[in-house]
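Participant:
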Amino acid sequence: MKANVTKKTLNEGLGLLERVIPNRSSNPLLTALKVEASEGGLTLSGTNLEIDLSCFVPAEVQQPENFVVPAHLFAQIVRNLGGELVELELSGQELSVRSGGSDFKLQTGDIGAYPPLSFPAQADVSLEGGELSRAFSSVRYAASNEAFQAVFRGIKLEHHGESARVVASDGYRVAIRDFPASGDGKNLIIPARSVDELIRVLKDGEARFTYGDGMLTVTTDRVKMNLKLLDGDFPDYERVIPKEIKLQVTLPATALKEAVNRVAVLADKNANNRVEFLVSEGTLRLAAEGDYGRAQDTLSVTQGGTEQAMSLAFNARHVLDALGPIDGDAELLFSGSTSPAIFRAVGGGSGYMAVMVTLRV
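Taken in order, the sequence shown gives residues -12 to 348; the numbers are from the numbering used here.
#1: Considering only the beta carbon of each residue, do S322 and P229 sit closer than 8 Å?
#2: Tell me the DSSP bridge mates of Y339?
#3: Look up L40 in the DSSP assignment and give the residues it is bridged to.
#4: Once you ignore the five residues that flank I64 on each side, which residues in its own chain have a CB closer than 6 Å to its CB?
#5: Tell me, to the nearest whole angstrom, how far the beta carbon of A129 is from that of V161; I am working on the premise that it is less than 8 Å.
#6: I'd like to know if the region 94 to 110 and the region 204 to 211 are in contact, where contact means that at least 3 CB-CB pairs between them fall below 8 Å.
#7: Do L189 and S120 come within 8 Å of each other at the CB atom, strictly closer than that value?
#8: From this set, N132, G148, I98, which residue's C-alpha is nearest V114's C-alpha?
#9: How many angstroms separate the CA atom of R272 from the CA atom of L238?
#10: Are the region 36 to 43 and the region -10 to 8 touching, with three or more C-beta to C-beta distances below 8 Å?
#11: Go ahead and label T362 buried or exposed: buried means 16 or more other beta carbons lie within 10 angstroms of its beta carbon, across all protein chains shown.
#12: Please name the residue in A168, L(-3), P15, N(-9) whose C-alpha comes closest to that of E360.
#13: Tell me whether Y198 sits in a helix, a strand or coil according to DSSP, three-state version.
#14: Any chance you could list the alpha helix (DSSP H) runs of at least 4 consecutive residues sitting entirely within the region 222 to 272, in chain order?
#15: Compute the Euclidean distance between the alpha carbons of D314 and E133, then round it to the nearest angstrom.
#16: If you run the structure through DSSP and keep just helix, strand and coil, what is A282?
#17: Going residue by residue through the region 61 to 89, where are the continuous beta strand (DSSP E) segments of at least 3 residues, counting only ones entirely within it?
#18: Could you please give me the residues that DSSP links to T(-7) through a beta bridge?
#19: Quick check: what's the CA-CA separation for L(-3) versus R66?
#20: Nearest to S13 by CA position, among E26, S25, L36, is which residue?
#21: Could you check the C-alpha separation between K143 and L29 for me, to the nearest Å?
#22: So what does DSSP say about F139, is it helix, strand or coil?
#23: Looking at C-alpha atoms only, which residue of E26, N174, G117, P178 is the closest neighbour of G192?
#24: Contact check, I38 vs E184 under 8 Å by CB: the rounded distance?
#25: Hey, out of A137, G141, P327, T241, whose CA is closest to F123's CA?
#26: Thinking C-alpha only, which one of G158, A328, T241 is nearest F139?
#27: If you drop the 5 nearest sequence neighbours on each side, which residues of the same chain put their C-beta closer than 7 Å to that of G269?
#28: What separation, rounded to the nearest whole angstrom, lies between the Cα atoms of P178 and Q295?
#29: Residue ranges of each beta strand (DSSP E) run of no fewer than 3 residues wholly in the region 288 to 341, ordered along the chain?
#30: Does DSSP classify S120 as helix, strand or coil?
#31: So, is V252 buried or exposed, given that buried needs 16 or more other C-beta atoms within 10 angstroms?
#32: For L77, collect the residues of the same chain with a Cβ closer than 6 Å to its Cβ; drop the 5 residues on either side in sequence, then sort them by chain order.
#33: Note down, in chain order, each residue of its chain lying with its Cβ closer than 8 Å to the Cβ of M202, except the 5 sequence neighbours on either side.
#34: Are A246 and A317 close, meaning C-beta to C-beta below 8 Å?
#35: With 16 as the cutoff for other CB atoms within 10 Å, does T293 come out buried or exposed?
#36: Determine which residues share a DSSP beta bridge with V55 and list them.
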């Protein structure tokens, strides 16, 4: 087998696989990369038993033959090659990797022992890949990283007729993003770590979903992924979204981010990184206090609602995370000093919303 492929294209494919295939494992086969050669190119695939990933790399191939190589070692070799065109040649159990003046000889593994990976051909529903990736990126910060929090470590994907919704929560905040969708899709919970890899592979274009037993297959023009889903029921997040808004504040999201960043320098890290919000007479005063002093910042805002003034407190990190996906002006909706608050873009046109619990004032 001989193949010629550009270093850039091969690097892109290997970069995706490197993140999935473990560097070390009690089962050495899981650290390997399978390469299937065809006349049109190379199909790279690997697994960590939670995610199966297959990526197609266009290449000129003669006498196609399949082989298995150590994934991270192969990727490291390709990454450090000096030339722009990579030549691969398989001879027996040895793979030659050449580029420019470099020539590496890499021992291949037992392809017969490599676990078979299969990806369904049919699709149950299709979503716009770029839109889905942006939606996942908007809410990913709110998913829990704690092992004991079960379904909170996942992101829920819901289908509602002509729209879809992604939801993430760690029990203290909820991030929601609605986006256009069609088809009769299922509601499911995808592990947040698997969502990280989905975000990297999804681009503009069609993302085809195939539902299996506890499994989701996502297929694009270049990539196929099998993802294990989380079992369990996602909490009823709708009940924490305040229905009665008593005070509404509008201001540029960037100005609020910068002000929160400034005062949070002196926030007590052992007291939930607390920053106080005091809204009154068209101004928002931010205040933080810690062992080394206190800080204050004042911003002009557009104020509305039935309440003339309100004092609340939030975790500064949570505020900054919630504001991250908002461009332009932000709208802060308050229902009371001890009730959850809503942060969203003005008008809600982006489909994004963050709901956060308040700290005791």
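For glycine and all other residues, C-beta sits at the position ideal for the given N, C-alpha and C.
Facilitator: In brief:
#1: Taking the sequence shown and counting its residues from 1, the one referred to as residue 322 is at position 335. Taking the sequence shown and counting its residues from 1, the one referred to as residue 229 is at position 242. With respect to the 8 Å criterion, S322 and P229 are classified as neighbours on the basis of their beta carbons.
#2: In the sequence shown, counting from the first residue as 1, residue 339 sits at position 352. Y339 is bridged to R164.
#3: The sequence position of residue 40 within the sequence shown is 53, counting from 1. Under DSSP, L40 takes part in a beta bridge, and its partners are G33, M212.
#4: By 1-based counting over the sequence shown, the position of residue 64 is 77. Closer than 6 Å at Cβ, skipping near neighbours: V84, F91.
#5: Working through the sequence shown from its first residue, we reach residue 129 at position 142. Working through the sequence shown from its first residue, we reach residue 161 at position 174. Rounded to the nearest angstrom, the Cβ distance from A129 to V161 is 6 Å, consistent with a contact under 8 Å.
#6: By the Cβ test, the region 94 to 110 is in contact with the region 204 to 211, since at least three Cβ pairs between them sit closer than 8 Å.
#7: Here residue 120 is taken as the residue at index 133 of the sequence shown, counted from 1. Here residue 189 is taken as the residue at index 202 of the sequence shown, counted from 1. Going by C-beta atoms, S120 is nearer than 8 Å to L189.
#8: On the sequence shown, residue 114 is found 127 positions in, with the first residue counted as 1. The sequence given here places Leu at residue 114; Val does not occur at that position. Answer by Cα proximity: G148.
#9: Here the question's residue 272 lines up with position 285 in the sequence shown. Here the question's residue 238 lines up with position 251 in the sequence shown. Roughly 13 Å between the two C-alpha positions.
#10: Because the criterion of three Cβ pairs below 8 Å is met, the region 36 to 43 and the region -10 to 8 touch.
#11: The structure shown does not extend to residue 362, since the chain spans only -12 to 348, so no value can be given for it.
#12: Because the chain is modelled from -12 through 348, residue 360 falls outside the range shown and cannot be assessed.
#13: Locating residue 198 in the sequence shown gives position 211, counting from the first residue. Three-state DSSP puts Y198 in a strand.
#14: The region 222 to 272 contains these whole alpha helix (DSSP H) runs: 240 to 250.
#15: The count along the sequence shown starts at 1 and reaches residue 314 at position 327. The count along the sequence shown starts at 1 and reaches residue 133 at position 146. In a straight line, the C-alpha of D314 is about 30 Å away from that of E133.
#16: Counting from one through the sequence shown, the residue named residue 282 turns up at place 295. A282 falls in the strand class under three-state DSSP.
#17: You should have 72 to 78, 81 to 86.
#18: As a first step, residue -7 is located in the sequence shown; it is residue number 6 there, counting from the start. Under DSSP, T(-7) forms a beta bridge with L72.
#19: In the sequence shown, counting from the first residue as 1, residue -3 sits at position 10. In the sequence shown, counting from the first residue as 1, residue 66 sits at position 79. Taking the straight line from one Cα to the other gives about 9 Å.
#20: Counted from its first residue, the sequence shown places residue 13 at position 26. Selected option, being the one with the closest Cα: L36.
#21: By 1-based counting over the sequence shown, the position of residue 143 is 156. By 1-based counting over the sequence shown, the position of residue 29 is 42. In a straight line, the C-alpha of K143 is about 34 Å away from that of L29.
#22: Here residue 139 refers to the residue found at position 152 of the sequence shown. If DSSP states are grouped into helix, strand and coil, F139 belongs with the helices.
#23: On the sequence shown, residue 192 is found 205 positions in, with the first residue counted as 1. The shortest C-alpha separation from G192 is found at G117.
#24: As a position in the sequence shown, residue 38 is number 51, starting the count at 1. As a position in the sequence shown, residue 184 is number 197, starting the count at 1. Yes, they are in contact, since the Cβ atoms of I38 and E184 sit about 6 Å apart, within 8 Å.
#25: Along the sequence shown, read from residue 1 onward, the residue named residue 123 stands at position 136. For F123, the nearest C-alpha among the options comes from G141.
#26: Numbered from its first residue, the sequence shown carries residue 139 at position 152. When only C-alpha atoms are compared, the closest one is G158.
#27: Here residue 269 refers to the residue found at position 282 of the sequence shown. Once the five neighbours on either side are set aside, the close Cβ partners of G269 are S287, V288, Q290.
#28: Residue numbering aside, residue 178 sits at position 191 when the sequence shown is read from its first letter. Residue numbering aside, residue 295 sits at position 308 when the sequence shown is read from its first letter. Between P178 and Q295, the C-alpha separation is close to 43 Å.
#29: Whole beta strand (DSSP E) segments, 3+ residues: 289 to 292, 296 to 302, 316 to 321, 328 to 332.
#30: As a first step, residue 120 is located in the sequence shown; it is residue number 133 there, counting from the start. Of the three classes helix, strand and coil, the one that applies to S120 here is helix, per DSSP.
#31: Here residue 252 refers to the residue found at position 265 of the sequence shown. Here V252 is exposed. Its C-beta has fewer than 16 other C-beta atoms within 10 Å.
#32: Counting from one through the sequence shown, the residue named residue 77 turns up at place 90. Within its own chain, the residues whose Cβ lies closer than 6 Å to the Cβ of L77, once the five positions on either side in sequence are excluded, are M(-12), E52, F54, listed in chain order.
#33: In the sequence shown, residue 202 corresponds to position 215, counting from 1. Closer than 8 Å at Cβ, skipping near neighbours: N213, L214, K215, L216.
#34: In the sequence shown, counting from the first residue as 1, residue 246 sits at position 259. In the sequence shown, counting from the first residue as 1, residue 317 sits at position 330. Cβ distance not < 8 Å, so A246 and A317 don't count as in contact.
#35: Taking the sequence shown and counting its residues from 1, one reaches residue 293 at position 306. So T293 ends up on the exposed side.
#36: Mapped onto the sequence shown, residue 55 falls at position 68. V55 pairs with K21.
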